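Trainee:
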Amino acid sequence: MNNRLSGSDLTRAMLERGDEQVWCAVSHKSAEHAMEAIINVSSDFIMHIVAFEDGHFLCKEGSTWKYAIPIKKAEITQEEVKL
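Numbering (this note's numbering), first residue to last: 6 to 88.
#1: Confirm, please, whether the CB-CB distance from tryptophan 28 to leucine 51 is below 8 Å.
#2: Just the Cα atoms here: how many angstroms apart are phenylalanine 57 and arginine 17?
#3: Ordered along the chain, which non-local residues of its own chain (more than five positions away) have a Cβ less than 7 Å from that of alanine 30?
#4: Closest to serine 48 by C-alpha separation, out of His61, Lys78 and Leu20, would be which residue?
#5: Between arginine 9 and chain D, is any beta-carbon pair separated by less than 8 Å?
What follows is the structure, given as structure tokens:
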């Protein structure tokens with residue numbers, strides 16, 4: 006059995022652990038739709054998620070979302086691009 010958390014389940018677990026703001030790709034439609042925000046570089050669907058309440062994720066700006074996929078926003082280093 007695979008007990009690895011991913012997607013919205015991972016976001017919920019991070020919030021339950023006490024993480025206060027989790028960068029996420031969000032959507033009302035599906036997890037796959039949320040990931041399109043990353044593929045299409047659409048910052049309209051990248052939010053700081055601060056809570057999970059009543060079956061929805063709450064973003065810092067006050068909107069709710071059905072799906073919230075945690076992402077990592079980080080500066081690329083010289084080593085990563087092998088220069």
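Idealized CB from N, CA, C, for every residue including glycine.
As the structure is a computational prediction, the values presented were derived from the model and not from experiment.
Mentor: The answer reads as follows:
#1: Indexing the sequence shown from 1 puts residue 51 at position 46. Indexing the sequence shown from 1 puts residue 28 at position 23. Just to set this straight, residue 51 is isoleucine in the shown sequence, not leucine. In contact: isoleucine 51 and tryptophan 28 (Cβ atoms closer than 8 Å).
#2: Reading the sequence shown from its first residue, position 52 is the one you call residue 57. Reading the sequence shown from its first residue, position 12 is the one you call residue 17. The straight-line gap from Cα to Cα measures roughly 7 Å.
#3: Stepping through the sequence shown from its first residue, residue 30 is reached at position 25. Correct list, in chain order: Ala39, Met40, Ala42, Ile43, Phe50, Ile51, Ile74 and Ile76.
#4: Position 43 of the sequence shown, counted from the first residue, corresponds to residue 48. The option with the nearest alpha carbon to serine 48 is Lys78.
#5: Going by chain labels, chain D is absent from the structure shown, which holds only one protein chain.
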